[in-house]
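Novice: Residue numbers (the working numbering): 1 to 56. Sharing a structure here in structure tokens format.
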């Protein structure tokens with residue numbers, strides 16, 4: 001819970017003082033795209049670990 005609050009605070013502080021709305025929305029889209037791709041990577045790694053992937 002503490003980590004999620006820290007991530008929320010960092011997220012809100014990062015976008016608080018941006019002036020240009022287009023730039024602000026672009027960075028938000030970029031952030032959420034990166035988070036989604038990172039979650040896909042974590043899912044694929046955990047899936048391989050659980051199903052006994054052979055690491056040669």
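Cβ coordinates follow ideal geometry from the N, Cα and C atoms, glycine included. What you are looking at is a predicted structure, and each value in this text was computed from that prediction instead of being measured.
(1) In this structure, does DSSP put residue 25 in helix, strand or coil?
(2) Among 12, 49 and 51, which one has its Cα closest to the Cα of residue 31?
(3) Could you give the DSSP three-state label for residue 55: helix, strand or coil?
(4) Do residue 24 and residue 15 have their C-beta atoms closer together than 7 Å?
Specialist: Based on what the coordinates show:
(1) Mapped onto the chain shown, residue 25 falls at position 25. Helix.
(2) Within the chain shown, numbered from 1, the residue matching residue 31 stands at position 31. Ranking the options by Cα distance to residue 31, first place goes to 12.
(3) Start at 1 with the first residue of the chain shown, and residue 55 comes out as number 55. It is coil, neither helix nor strand.
(4) As a working mapping, residue 24 is identified with position 24 in the chain shown. As a working mapping, residue 15 is identified with position 15 in the chain shown. Closer than 7 Å, so yes.
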